Amino acid sequence: LPALLSLVIRCTVKEPERWVKARASGERPDLGQLMLPGIRRNTILACFIAAVPIIGTWGVFQWNPTWIGRLVEFDYSKVAIAAICMSVGATIGSFFAGPVAEWMGRRLSYALFCVASLASCIILYRVVNGYGALMLLMLGIAGVCTTAFFGWLPLYLPELFPTRIRATGEGITFNFGRIIAAAMIVLGTGQLVAVFDGSIPAAATVMSLVYVIGLALIWFAPETRRSGLPD
Numbered sequence: 005l006p007a008l009l010s011l012v013i014r015c016t017v018k019e020p021e022r023w024v025k026a027r028a029s030g031e032r033p034d035l036g037q038l039m040l041p042g043i044r045r046n047t048i049l050a051c052f053i054a055a056v057p058i059i060g061t062w063g064v065f066q067w068n069p070t071w072i073g074r075l076v077e078f079d080y081s082k083v084a085i086a087a088i089c090m091s092v093g094a095t096i097g098s099f100f101a102g103p104v105a106e107w108m109g110r111r112l113s114y115a116l117f118c119v120a121s122l123a124s125c126i127i128l129y130r131v132v133n134g135y136g137a138l139m140l141l142m143l144g145i146a147g148v149c150t151t152a153f154f155g156w157l158p159l160y161l162p163e164l165f166p167t168r169i170r171a172t173g174e175g176i177t178f179n180f181g182r183i184i185a186a187a188m189i190v191l192g193t194g195q196l197v198a199v200f201d202g203s204i205p206a207a208a209t210v211m212s213l214v215y216v217i218g219l220a221l222i223w224f225a226p227e228t229r230r231s232g233l234p235d
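If you're matching positions, the sequence shown starts at 5 in our numbering and goes up one per residue.
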């Protein structure tokens, strides 16, 4: 079904006029253009701004099945219910992130998501002490907060780059964020679990401090609401 939907989109959705003009100019995008003066700063900031929520998602919440499994003595029906709660929250967060960013502005909304994600992580891992209604509720709330970034990034990243390198810039910065996140997770969460004698909540709490970094970084990035896409 997704493949058929993609085919329908390709056949019916027209290319943006700006992109058509940029392509007709004969100028081809290359990676070097992302480091040109006036663009380089946005490129570097975008890489790290994209890395923060990926580290938060991969480095913190990917441990939940193991943690919850231990709590319920590997009753996988309960683990599945917990995963569903977080997935429902994640779906809601992704859908509402764009309107929130349009209403509050790009920087303020990102900062809000960082604060909400950090708070939900601390409550989930330091206050919740067993499987039950509170855990399921907090998993849903954490899903909303931490996954909202993935509705925010596709809105913000294209606004940082001119038309000729917009797709290149968005793709490189988002996926370079994945590389940064992968390195942090390999060197971070697994080692922290060992340091804390196998305590996933303790390690996850420390890793969730990455949202503090995001909260600081976003104020160095440009506010693009109502600015329009650069030519």
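For glycine and all other residues, C-beta sits at the position ideal for the given N, C-alpha and C.
What you are looking at is a predicted structure, and each value in this text was computed from that prediction instead of being measured.
{"query": "If I follow the unbroken alpha helix (DSSP H) through N46, where does it start and stop?", "result": "R44 to V64"}
{"query": "How far does the alpha helix (DSSP H) with A105 in it extend, from its first residue to its last?", "result": "Y80 to M108"}
{"query": "Going by Cα to Cα distance, which pick from C118, V104 and Y80 is closest to L221?", "result": "C118"}
{"query": "Kindly confirm or deny that the region 106–125 and the region 181–200 touch, where touching means at least three C-beta pairs closer than 8 angstroms.", "result": "no"}
{"query": "E114 by DSSP, collapsed to three states: which one?", "result": "Checking the sequence, you will find Tyr at residue 114 rather than Glu. Here Y114 sits in helix by DSSP."}
{"query": "Sorted by chain position, which residues of the same chain lie with C-beta nearer than 7 angstroms to F178's C-beta, five sequence neighbours on each side aside?", "result": "A54, L157 and L161"}
{"query": "Quick test of your reading: M139 and A86, contact by CB under 8 angstroms. State the CB separation rounded to the nearest angstrom.", "result": "7 angstroms"}
{"query": "For the alpha helix (DSSP H) containing L140, name the first residue and the last one.", "result": "A137 to T151"}
{"query": "What did DSSP end up calling N133 once you bin it into helix, strand or coil?", "result": "coil"}
{"query": "Please name the residue in A208, L35, E19 and L11 whose C-alpha comes closest to that of G173.", "result": "L35"}
{"query": "Could you tell me which of L38, L8 and N46 sits nearest to W223, measuring between CA atoms?", "result": "N46"}
{"query": "Among the candidates P166, Y215 and A187, whose CA atom is the shortest distance from the CA of R44?", "result": "P166"}
{"query": "Quick one: measure Cβ to Cβ for A208 and W67, integer angstroms, because I've assumed they're closer than 8 angstroms.", "result": "6 angstroms"}
{"query": "Go ahead and pull the three-state DSSP assignment for R182.", "result": "helix"}
{"query": "Does the Cβ-Cβ distance between G144 and M90 come in under 8 angstroms?", "result": "yes"}
{"query": "Which of helix, strand or coil does DSSP assign to E163?", "result": "helix"}
{"query": "Within 10 angstroms of the Cβ of L5, are there 16 or more other Cβ atoms? Answer buried if so, exposed if not.", "result": "exposed"}
{"query": "Is the distance from the Cβ of F153 to the Cβ of A101 below 8 angstroms?", "result": "yes"}
{"query": "Classify S10 as buried or exposed, calling it buried when 16 or more other Cβ atoms lie within 10 Å of its own Cβ.", "result": "exposed"}
{"query": "Report yes if the C-beta distance between I184 and F78 is below 8 angstroms; otherwise report no.", "result": "no"}
{"query": "Taking DSSP as the reference, what is the three-state secondary structure of A225?", "result": "coil"}
{"query": "By DSSP, does G232 sit in helix, in strand, or in coil?", "result": "coil"}
{"query": "For L75 and A115, I'd like the C-alpha separation in whole angstroms.", "result": "32 angstroms"}
{"query": "Quick one, which of M211, D201, G175 and R170 has its alpha-carbon nearest V190's?", "result": "M211"}
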